[in-house]
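Written below as structure tokens is the structure these notes are about.
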Amino acid sequence: MKDSYEQRVQNQFGGFCTRVLKNEAARIHNEYARQRDREKSLGDLTTSELSLVATSDKYFEDEHVFEVLGKPVVVTGNLLAEAIARLPEDKRDVVLLSYFLGMSDQEISEHLNVVRQTISKRRAKTLKELREYLEKEGFEWPEI
Amino acid sequence: MARNMKALPLPVILAAMEGDGEALAAVLVHYKGYIRYLAMRPLKDEYGNEYLCVDEDMRLRLEAKLIHSIVTGFRILPA
Numbered sequence: 001m002k003d004s005y006e007q008r009v010q011n012q013f014g015g016f017c018t019r020v021l022k023n024e025a026a027r028i029h030n031e032y033a034r035q036r037d038r039e040k041s042l043g044d045l046t047t048s049e050l051s052l053v054a055t056s057d058k059y060f061e062d063e064h065v066f067e068v069l070g071k072p073v074v075v076t077g078n079l080l081a082e083a084i085a086r087l088p089e090d091k092r093d094v095v096l097l098s099y100f101l102g103m104s105d106q107e108i109s110e111h112l113n114v115v116r117q118t119i120s121k122r123r124a125k126t127l128k129e130l131r132e133y134l135e136k137e138g139f140e141w142p143e144i
Numbered sequence: 145m146a147r148n149m150k151a152l153p154l155p156v157i158l159a160a161m162e163g164d165g166e167a168l169a170a171v172l173v174h175y176k177g178y179i180r181y182l183a184m185r186p187l188k189d190e191y192g193n194e195y196l197c198v199d200e201d202m203r204l205r206l207e208a209k210l211i212h213s214i215v216t217g218f219r220i221l222p223a
């Protein structure tokens with residue numbers, strides 16, 4: 001037979017290629033069917049299912065605004081804000097002005113019309129009170 | 145696969161087995177029709193009409209699989 005070797009290889013090659021393509025096509029069809037059966041459109045989810053995969057932003061949730069000398073001051077953290085809210089106004093002003101607005105004792109004393117030493121004494125006392133209150137309430141120091 | 149198609153010449157087959165780019169391209173051209181036929185999937189448009197359409201993704205996967213198999217899997221059987 002003429003070119004029998006060539007013909008034999010051609011037949012083998014043709015069969016091989018056809019088989020490979022056919023099998024792969026069946027595999028891909030299976031895959032598509034599987035995906036179709038298991039996949040669910042977002043629109044078809046019930047509310048409770050949706051809430052399992054959903055997430056909501058938490059911005060501003062634990063921010064509290066205090067007012068000092070007519071200026072708003074934002075305090076982040078529920079426990080800290082509560083502790084500050086419990087302070088009497090004169091002590092609260094000192095804490096907010098020095099730690100949240102970054103004023104020096106000299107500046108604070110000028111704004112509040114009291115002697116500078118009063119400010120530093122008041123602040124030291126207030127800090128101690130704050131610390132006691134926070135530790136009693138189970139405040140955890142943030143990791144640095 | 146159409147029976148009346150002319151088979152690929154032996155040198156092309158041998159070169160394709162070695163991974164020769166031109167030969168593999170020739171093989172792909174040879175099987176283009178069959179691959180398109182296999183990759184045909186019914187597709188619905190927004191009015192609910194069904195069409196037969198070539199799934200490009202599937203077509204490319206079939207081509208890649210064929211090339212891979214020819215280079216790694218095809219061996220000429222002894223007589």
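Chains as they are written, first to last, in this note's numbering: chain S, 1 to 144; chain B, 145 to 223. Here a beta-carbon is modelled for each residue, glycine too, at the ideal position from N, C-alpha and C.
Bounding residues of the alpha helix (DSSP H) (the contiguous stretch that carries residue i)
| i | result |
| --- | --- |
| B:Pro155 | 154 to 161 |
| S:Ile119 | 116 to 136 |
| B:Glu166 | 165 to 174 |
| S:Ile28 | 4 to 38 |
| S:Glu49 | 47 to 53 |
| S:Arg92 | 89 to 95 |
Under 8 Å from the C-beta of residue i: neighbouring residues of chain B
| i | result |
| --- | --- |
| S:Ala25 | Leu182, Ala183, Met202, Leu206 |
| S:Gly102 | Result: empty, since nearest Cβ-Cβ is about 59 Å, beyond 8 Å. |
Bridge partners - residue i, DSSP secondary structure assignment
| i | result |
| --- | --- |
| S:Met103 | According to DSSP, S:Met103 bridges with nothing at all. |
| S:Lys71 | S:Val68 |
| B:Val198 | B:Met184 |
| S:Glu63 | S:Thr76 |
Residue-chain proximity (residue i, chain S), Cβ-Cβ < 9 Å
| i | result |
| --- | --- |
| B:Gly217 | yes |
| B:Ala169 | no |
| B:Leu154 | yes |
| B:Ala159 | no |
| B:Tyr178 | yes |
CB contact below 9 Å: residue i versus chain B
| i | result |
| --- | --- |
| S:Leu21 | yes |
| S:Glu6 | yes |
| S:Phe13 | yes |
Amino acids of chain S, ordered along the chain, whose beta-carbon sits closer than 8 Å to that of residue i
| i | result |
| --- | --- |
| B:Lys209 | Val20, Leu21, Glu24 |
| B:Tyr175 | Cys17, Leu21 |
Closer than 7 Å at the beta carbon, the chain B residues around residue i
| i | result |
| --- | --- |
| S:Val74 | Simply none; closest approach about 50 Å. |
| S:Val9 | Leu154, Ile157, Ile220 |
Residue i: contacting residues in chain S (beta-carbon distance under 7 Å)
| i | result |
| --- | --- |
| B:Ile221 | The sequence as given places Leu at residue 221 of chain B; Ile does not occur at that position. Near B:Leu221 (Cβ distances below 7 Å), the residues of chain S are Gln12. |
Distance cut-off 8 Å: residue i Cβ against heavy atoms of the ligand ADP
| i | result |
| --- | --- |
| S:His29 | Among the components modelled here there is no ligand, and therefore nothing to report on the ligand ADP. |
Next item on the list: Compile a chain-ordered list of the residues in the segment 29 to 49 of chain S whose CB is closer than 9 Å to at least one CB of chain B.
Entry: His29, Tyr32
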